[in-house]
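Taking it in order: structure first as structure tokens, then the write-up.
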Amino acid sequence: MLKKLEETTHYIKQKIDFEPQVGIVLGTGLGGLTKEIQNVGSLPYLEIPNFPVSTVKGHEGKLIFGKLGGKNVVAMQGRFHYYEGYTMQELTFPIRVMKLLGINLLILSNAAGGVNPNYEIGDLMVINDHINLMGANPLIGKNDVDLGPRFPDMSEAYDKKVIREFTKIARQHSIHFQVGVYAAVSGPTFETPAEYKYIRVLGADAVGMSTVPEAIVARHMGLPVFAVSVISDLGVEGKIVEISHDDVIDAASLVEPKMTLILKELLGKINL
Ligand code: HPA
1 MLKKLEETTH YIKQKIDFEP QVGIVLGTGL GGLTKEIQNV GSLPYLEIPN FPVSTVKGHE
61 GKLIFGKLGG KNVVAMQGRF HYYEGYTMQE LTFPIRVMKL LGINLLILSN AAGGVNPNYE
121 IGDLMVINDH INLMGANPLI GKNDVDLGPR FPDMSEAYDK KVIREFTKIA RQHSIHFQVG
181 VYAAVSGPTF ETPAEYKYIR VLGADAVGMS TVPEAIVARH MGLPVFAVSV ISDLGVEGKI
241 VEISHDDVID AASLVEPKMT LILKELLGKI NL
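According to the numbering used here, the sequence shown holds residues 1 to 272 in order.
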């Protein structure tokens with residue numbers, strides 16, 4: 001893996017002379033943040049050696065390099081999901097590449113179903129912990145100690161300092177948000193009512209099909225993670241309605257300006 005990583009990183013550095021400080025993964029319906037990036041260059045996934053290629057509507061595949069909130073960022077426009085058939089190692093490969101490019105903070109975003117009965121569609125939820133229900137883990141297999149330890153600690157998977165900073169900024173703008181636990185499932189089916197209930201009983205506030213593998217790989221490498229969900233639908237008894245991927249995209253797109261505003265300011269304020 002290290003050899004592949006070095007090959008990919010070398011290719012990117014040759015193409016774009018830019019050292020990113022922050023890596024950003026944009027979730028379903030949240031790709032608009034890239035319009036705010038003062039672009040210095042971009043690379044389609046297709047052209048990057050060893051990169052997977054994304055297949056889902058709403059997930060265009062390219063790496064975007066530029067300035068956001070005064071910081072050097074690399075953003076993944078389009079992420080890879082387990083349900084697309086990639087292995088856990090494949091879908092988290094770009095996270096490792098971004099770390100080797102020099103990032104020291106990873107920001108993840110996603111659209112998720114709310115299972116906390118106090119949540120509403122359109123809520124922002126800062127992730128303060130997760131439950132991995134995917135039935136897989138990207139670290140299964142031979143461990144490369146040059147990347148990280150065999151048994152990584154996960155006692156503070158989501159960086160408290162960044163959460164505090166987000167909280168301050170959201171309050172200053174009177175932007176309402178939740179803080180909660182994200183449960184990751186493989187998908188691609190949305191949950192049955194019984195599954196939503198089960199996920200709630202386990203201690204989650206929201207459920208989705210991404211983010212956790214990326215967070216695990218980042219923590220394996222000692223990379224701080226900040227993650228935020230947009231609640232796009234509700235898996236709450238009495239509020240469950242039929243949903244489609246387009247509904248998820250539409251709901252997330254509506255909240256995107258709020259998310260963009262906070263993330264931009266967050267990057268301006270955070271010391272890296
Ligand atoms: N369940 C799983 N993943 C999701 C959901 C959901 O309700 N909404 C958006 N992603």
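Glycine is no exception: its CB is placed at the ideal position from the N, C-alpha and C atoms.
>> Would L266 and Q21 be called neighbours here (beta carbons separated by less than 7 Å)?
In response: Along the sequence shown, read from residue 1 onward, the residue named residue 266 stands at position 266. Along the sequence shown, read from residue 1 onward, the residue named residue 21 stands at position 21. Not a contact, by the Cβ cut-off of 7 Å.
> Do you know whose CA, among G61, S109 and I16, lies nearest A215's CA?
Replying inline: Sequence index remark: in the sequence shown, residue 215 carries index 215 (1-based). When each option's Cα is compared against that of A215, the closest is S109.
>> Quick check: what's the CA-CA separation for D250 versus M88?
In response: Locating residue 250 in the sequence shown gives position 250, where the first residue counts as 1. Locating residue 88 in the sequence shown gives position 88, where the first residue counts as 1. Answer to the nearest angstrom: the Cα atoms are 28 Å apart.
> Is S109 near the ligand HPA, in the sense that its beta carbon is under 6 Å from a heavy atom of that ligand?
Replying inline: Taking the sequence shown and counting its residues from 1, the one referred to as residue 109 is at position 109. No, Cβ of S109 sits at least 6 Å from all heavy atoms of the ligand HPA.
>> Using a 10 Å radius around the Cβ and a threshold of 16 neighbouring Cβ atoms, would you call G235 buried or exposed?
In response: Start at 1 with the first residue of the sequence shown, and residue 235 comes out as number 235. That one is buried.
>> Need the endpoints of the beta strand (DSSP E) that L229 sits in, please.
In response: Here residue 229 refers to the residue found at position 229 of the sequence shown. Residue 229 is actually Ser in this sequence, not Leu. Per DSSP, S229 belongs to the beta strand (DSSP E) from V225 to L234.
>> Tell me the rounded alpha-carbon separation between A112 and K15.
In response: Position 112 of the sequence shown, counted from the first residue, corresponds to residue 112. Position 15 of the sequence shown, counted from the first residue, corresponds to residue 15. Looking at the two C-alpha atoms, the distance is approximately 35 Å.
> Shortest alpha-carbon distance to G23 belongs to which of M125, D247 and Q77?
Replying inline: Taking the sequence shown and counting its residues from 1, one reaches residue 23 at position 23. Taking only the C-alpha atoms, the option nearest G23 is Q77.
> What's the gap between the Cα of G180 and the Cα of P94?
Replying inline: Residue numbering aside, residue 180 sits at position 180 when the sequence shown is read from its first letter. Residue numbering aside, residue 94 sits at position 94 when the sequence shown is read from its first letter. Computed Cα separation, rounded: 26 Å.
> For the 8 Å Cβ check, are there 3 or more pairs between the stretch 66-85 and the stretch 149-169?
Replying inline: no
>> Taking a contact to mean a Cβ-Cβ separation below 7 Å, would you say L230 touches A252 in this structure?
In response: The residue given as residue 230 occupies position 230 in the sequence shown. The residue given as residue 252 occupies position 252 in the sequence shown. With the sequence shown as reference, residue 230 is identified as Val, and Leu is not the correct amino acid for it. Yes; because the gap between Cβ atoms is below 7 Å, this pair is in contact.
> Expressed to the nearest angstrom, what Euclidean distance is found between the alpha-carbon atoms of E7 and V74?
Replying inline: The count along the sequence shown starts at 1 and reaches residue 7 at position 7. The count along the sequence shown starts at 1 and reaches residue 74 at position 74. Cα to Cα, E7 sits roughly 18 Å from V74.
> Quick one: is the Cβ of M209 within less than 6 Å of any heavy atom of the ligand HPA?
Replying inline: On the sequence shown, position 209 is the one that residue 209 refers to. Yes - the ligand HPA has a heavy atom lying nearer than 6 Å to the Cβ of M209.
> Can you list, in chain order, the residues of its chain whose CB lies under 7 Å from that of P117, leaving out five sequence neighbours each side?
Replying inline: As a working note, residue 117 is residue 117 in the sequence shown. For P117, where only same-chain residues beyond five positions count, the Cβ hits under 7 Å are V236.
> Taking DSSP as the reference, what is the three-state secondary structure of D246?
Replying inline: One-based indexing of the sequence shown puts residue 246 at position 246. In this structure, D246 counts as helix in the three-state DSSP scheme.
> Between L5 and L91, what straight-line distance do the alpha-carbon atoms span, to the nearest angstrom?
Replying inline: Residue mapping note: residue 5 aligns to position 5 of the sequence shown, counting from 1. Residue mapping note: residue 91 aligns to position 91 of the sequence shown, counting from 1. C-alpha separation (whole angstroms): 13 Å.
> Bridge partners of F111, per DSSP?
Replying inline: Position 111 of the sequence shown, counting from 1, holds the residue named residue 111. Residue identity check: residue 111 is Ala in the sequence provided, not Phe. Answer by DSSP bridge pairing, in chain order: V230.
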